[in-house]
Amino acid sequence: MPSAAVLHLPYLSGYPPELLAQVRQLIDAGRLAETVAKRHGEAHDVRTERALYDYVSEIKSAHMRSAPPLAKVAYDPRLHVVRNALGTHSQVSRVQGNKLKAKREIRIAALFKEAPADFLRMIVVHELAHLKEREHDKAFYALCVYMEPSYHQLEFDLRLWLTAQELPASGTVQTG
């Protein structure tokens with residue numbers, strides 16, 4: 001099996017080589033999952049779509065009172081695999097009489113049912129920020145940090161967690 005030094009780490013592309021070297025050391029030592037679990041081991045009880053809707057609404061009302069209402073919030077089991085995304089936001093337009101009504105929806109990858117609570121909050125904050133800012137630009141990330149001050153650290157740790165989830169029991173990422 002190849003060592004972590006030659007592995008492609010898809011969730012961590014774009015990070016500095018020094019940081020990737022530290023991640024590879026954790027993978028080689030078989031300690032990546034343990035390290036992430038120490039920081040973010042707390043589970044959540046947001047398992048149903050109703051609970052998810054309430055959770056998202058609570059964060060939205062605390063930080064984004066003037067944002068348009070959400071028509072639907074759901075866990076989507078197809079997201080991670082099909083769209084290569086962990087969450088989506090969409091605006092569905094429907095004709096009602098002579099008016100066009102837009103309803104906003106947020107879908108969260110079903111893998112977040114089992115993810116640590118911090119990571120669910122991070123992805124919810126990310127998708128809520130898209131209600132105001134469509135592009136991943138400076139204003140978007142400023143809004144994310146406003147809603148969750150440790151947003152950037154949580155995003156990186158989520159990437160580590162996703163990498164650890166794909167490690168086989170031996171502790172190395174499979175290539176190919």
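Each residue of the sequence shown is one higher than the last, beginning at 1 in this note's numbering. All residues carry an ideal CB built from backbone N, CA and C; glycine is no exception.
Neighbour-count burial assignment, residue i, 16 or more Cβ in a 10 Å radius
{"i": "Val82", "result": "Residue placement at Val82 is flagged as unreliable, the pLDDT there being 43, under the threshold of 50; the coordinate-derived value follows with that caveat. Flag for Val82 reads exposed."}
{"i": "Tyr151", "result": "buried"}
{"i": "His218", "result": "Since the first residue shown for the chain is 1 and the last is 176, residue 218 is missing from the structure and cannot be characterised."}
{"i": "Gly14", "result": "exposed"}
{"i": "Pro17", "result": "exposed"}
{"i": "Pro69", "result": "exposed"}
{"i": "Ala115", "result": "buried"}
{"i": "Val95", "result": "exposed"}
{"i": "Asp157", "result": "buried"}
Cβ-based neighbour list, residue i, same chain, cut-off 8 Å, excluding 5 preceding and 5 following
{"i": "Tyr75", "result": "Glu49, Leu52, Arg107, Ile108, Ala109, Ala110, Phe112 and Lys113"}
{"i": "Glu34", "result": "none"}
Beta-carbon contacts of residue i that lie in its chain and below 6 Å, excluding the five residues immediately before and after
{"i": "Leu100", "result": "Ser93"}
{"i": "Val125", "result": "Cys144, Met147 and Glu148"}
{"i": "Ala139", "result": "Glu133"}
When the options are compared against residue i, the one with the closest alpha-carbon
{"i": "Ala71", "options": "Arg121, Tyr15, Val56 and Arg39", "result": "Val56"}
{"i": "Met64", "options": "Thr88, Glu133 and Lys38", "result": "Glu133"}
Within 7 Å, strictly: CB atoms of residue i and residue j
{"i": "Lys60", "j": "Leu162", "result": "no"}
{"i": "Leu154", "j": "Asp118", "result": "yes"}
{"i": "Leu120", "j": "His44", "result": "yes"}
{"i": "Leu131", "j": "Ala67", "result": "yes"}
{"i": "Glu123", "j": "Gly87", "result": "According to the sequence as given, residue 123 is Ile; it is not Glu. Contact: yes."}
Close beta carbons around residue i, own chain, < 7 Å, minus the five adjacent residues each side
{"i": "Leu12", "result": "Leu20, Val23, Arg159 and Thr163"}
{"i": "Val46", "result": "Leu52, Tyr55 and Leu120"}
{"i": "Val36", "result": "Asp157, Leu160, Trp161 and Ala164"}
contact_flag[the stretch 93-113, the stretch 26-34] where n(CB pairs < 8 Å) is 3 or more: no
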